[in-house]
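Those sequence lines, one after another, are chains F and E.
Using the numbering used here, the first residue of the first sequence is number 1, and each one after it goes up by one.
Using the numbering used here, the first residue of the second sequence is number 1001, and each one after it goes up by one.
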Amino acid sequence: TQLLEQSPQFLSIQEGENLTVYCNSSSVFSSLQWYRQEPGEGPVLLVTVVTGGEVKKLKRLTFQFGDARKDSSLHITAAQPGDTGLYLCAGYNFNKFYFGSGTKLNVKP
Amino acid sequence: KAGVTQTPRYLIKTRGQQVTLSCSPISGHRSVSWYQQTPGQGLQFLFEYFSETQRNKGNFPGRFSGRQFSNSRSEMNVSTLELGDSALYLCASSFVEYTGELFFGEGSRLTVL
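This is the structure:
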């Protein structure tokens, strides 16, 4: 079983703060995705990282894929209430997806 | 480009009944997968279909089944419903197999009474 562990599970911060969410595994993945899900909706793809050491920026969000392609991080700068949601990482190998348990982020105004 | 469409969005059933959920993938996507999401267990993989064939299956009892049609539309069925089957059922379609990107529908919220 290729497990992905996310930390922290819950995060409640004030608007304007920075935060980092981690996604760790002992398995190597060919790619890794990050999704955000809002209550009552399906997850929405934020980014896909493929190359070890890859860094991608999406406005205030920075995603990094570990050199060994086993872990990833999501950093949000100056969080806003609109960033509130469940953040899920998912590793992909051989036509199968392995989802982390998620990080529930609440950004208070 | 239309997204993934799931119907119905909400439904209420009683124990012992069966339910069928439908999913229309993004045009051109041949892979459709299903997930069960509950607060306690998170996102659990049910099964994946590719070109009408079940390619992968998660650890769910045989009461959970699915199929895919030639137009890539998919259905999943749950028979003999139990209270624990109450969940958000998500369908996702995928086209780019190498990088693996899933496009989810909004889900079908099933409540079993």
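Even glycine gets a Cβ: it sits at the ideal position worked out from N, Cα and C.
Starting from the beta carbon of residue i, find every residue of chain F whose beta carbon is closer than 9 Å, and list them in chain order.
i: residue 1101 (chain E); result: 31, 33, 45, 48 and 92
Checking contacts by CB at 8 Å: is residue i closer than that to chain F?
i: residue 1030 (chain E); result: no
i: residue 1106 (chain E); result: yes
i: residue 1077 (chain E); result: no
i: residue 1045 (chain E); result: yes
i: residue 1066 (chain E); result: no
i: residue 1055 (chain E); result: yes
Give a yes or no on whether the minimum CB-CB distance between residue i and chain E is below 8 Å.
i: residue 88 (chain F); result: yes
i: residue 41 (chain F); result: yes
i: residue 104 (chain F); result: no
i: residue 70 (chain F); result: no
i: residue 96 (chain F); result: yes
Determine whether the beta carbon atoms of residue i and residue j lie at a separation below 8 Å.
i: residue 1020 (chain E); j: residue 1071 (chain E); result: no
i: residue 1095 (chain E); j: residue 1003 (chain E); result: no
i: residue 85 (chain F); j: residue 105 (chain F); result: yes
i: residue 1074 (chain E); j: residue 1067 (chain E); result: yes
So residue i and residue j are in contact, right, with Cβ under 8 Å, and what is the actual spacing, rounded?
i: residue 46 (chain F); j: residue 36 (chain F); result: 6 Å
Return the residue from the list the options that minimises the CA-CA distance to residue i.
i: residue 23 (chain F); options: F:87, F:78, F:107 and F:94; result: F:87
i: residue 3 (chain F); options: F:102, F:98, F:75 and F:85; result: F:98
i: residue 9 (chain F); options: E:1083, E:1101, E:1042 and E:1109; result: E:1042
i: residue 30 (chain F); options: F:15, F:19, F:48 and F:41; result: F:48
i: residue 1018 (chain E); options: E:1083, E:1106, E:1091 and E:1093; result: E:1083
What does residue i reach in chain E if we use C-beta pairs closer than 7 Å?
i: residue 65 (chain F); result: Within 7 Å Cβ-Cβ: nothing; residue 65 (chain F) doesn't reach chain E, min ~12 Å.
i: residue 101 (chain F); result: 1042
Taking C-beta pairs closer than 8 Å, name the residues in chain B that residue i reaches, listed in chain order.
i: residue 1090 (chain E); result: Looking at the structure shown, chain B is missing, and the protein chains on hand are F and E.
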